[in-house]
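Enquirer: The end of the sequence shown is residue 206 by our numbering, with every number in the run present.
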Amino acid sequence: MTKTANLWQYLRRSGISVRQELFLPRLVFLAPDCQLDEELRKRRELVSHSQIDAFLRSFREGYVAWISDALTPAWLSGHLSYRQIGELKQVVRKMGTWDLVRLQGGEQLKGDFRSCPYIALNRQETDTMEFFKIKTLSANSLWALLGHAPQVTVKMYRRGAPGWLGKPLTSTSTIPHNTHVIFRINGEETDARIPANAIQSITLSI
Numbered sequence: 001m002t003k004t005a006n007l008w009q010y011l012r013r014s015g016i017s018v019r020q021e022l023f024l025p026r027l028v029f030l031a032p033d034c035q036l037d038e039e040l041r042k043r044r045e046l047v048s049h050s051q052i053d054a055f056l057r058s059f060r061e062g063y064v065a066w067i068s069d070a071l072t073p074a075w076l077s078g079h080l081s082y083r084q085i086g087e088l089k090q091v092v093r094k095m096g097t098w099d100l101v102r103l104q105g106g107e108q109l110k111g112d113f114r115s116c117p118y119i120a121l122n123r124q125e126t127d128t129m130e131f132f133k134i135k136t137l138s139a140n141s142l143w144a145l146l147g148h149a150p151q152v153t154v155k156m157y158r159r160g161a162p163g164w165l166g167k168p169l170t171s172t173s174t175i176p177h178n179t180h181v182i183f184r185i186n187g188e189e190t191d192a193r194i195p196a197n198a199i200q201s202i203t204l205s206i
């Protein structure tokens, strides 16, 4: 209930005028082995795994209802107008979600990307960062003999749908392999320092 109220208040602050009673809280349990108590199953706010299909079907609108909504003014039907739906979509698209760090070993971390030294990042333009390091021992040894420390190449890709040739690059940077990415893991109270050479990619929310 609190999160639903927070969403409604956020939309109001964003200039969207929608009645609060149209916001209905629902908690969906995706795990098939999650068994709810009999009393909990009676609550409309809770959707168990066995009820998911019926819950999704409830969003479908029949042809007659679609025609009726198109012809009936929103102030009379009590439904959202097409203008309101369009405004809601615009605001929701800009709402931030968790950033996602994929580590070289396959582990994934959700939270907030804070910063990475040597990299100037624009979230509005970039949605993915990929990290590439020198993997062969001979290459690392050669770099050391020449007096250079191993490095990591970071490729940043433009936000949005990919084109014919894939996602276009916004920029490429080369950083020392011992650089640490500052990342606040979901649920933690302090920032984590993740070695750049341990990261495969970072997906950025807006």
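Virtual Cβ for every residue (Gly too), placed ideally from N, Cα, C.
(1) Determine the closest residue to residue 191 out of 200, 175, 48, 181, with distance taken between C-alpha atoms.
(2) Could you check where the beta strand (DSSP E) with residue 111 kicks off and where it finishes?
(3) Round the Cβ separation of residue 167 and residue 128 to the nearest angstrom and send it over; I've been treating them as touching at under 8 Å.
(4) As a quick exercise: from 16, 201, 104, pick the residue whose alpha carbon is nearest that of residue 84.
(5) State the start and end residues of the unbroken beta strand (DSSP E) segment that holds residue 99.
(6) Give me the residue from 170, 175, 185 with the minimum Cα distance to residue 152.
(7) If we call anything under 7 Å between Cβ atoms a contact, is residue 114 one with residue 108?
(8) In three-state DSSP terms, what is residue 192?
(9) Nearest-angstrom Cα distance between residue 106 and residue 81?
(10) Is the separation between the beta-carbon of residue 46 and that of residue 203 shorter than 7 Å?
(11) Which residues does DSSP list as the beta-bridge partners of residue 184?
(12) Taking 7 Å as the cut-off, decide whether the C-beta atoms of residue 197 and residue 133 are in contact.
(13) Determine the DSSP secondary structure at residue 45, reduced to helix, strand or coil.
(14) Take the Cβ of residue 11 as the centre, count every other Cβ of all protein chains shown within 10 Å, and call the residue buried at 16 or more, exposed below.
(15) Strictly by DSSP, which residues pair up with residue 157?
(16) What does residue 201 pair with, by DSSP beta-bridge criteria?
(17) Can you tell me whether residue 151 is helix, strand or coil according to DSSP?
(18) In its own chain, which residues sit with a C-beta less than 6 Å from the C-beta of residue 193, not counting the 5 before and 5 after it?
(19) I believe residue 158 touches residue 124 by the beta-carbon criterion, under 8 Å. Please report the beta-carbon distance rounded to the nearest angstrom.
(20) Taking the alpha-carbon positions, what's the residue 116 to residue 91 distance?
Expert: By the coordinates alone:
(1) 181
(2) 108-115
(3) 7 Å
(4) 16
(5) 99-103
(6) 175
(7) no
(8) strand
(9) 45 Å
(10) no
(11) 112
(12) yes
(13) coil
(14) buried
(15) 128, 169
(16) 102, 130
(17) strand
(18) 180
(19) Between residue 124 and residue 158 the Cβ distance is about 10 Å, and since that is not below 8 Å, they are no contact.
(20) 28 Å
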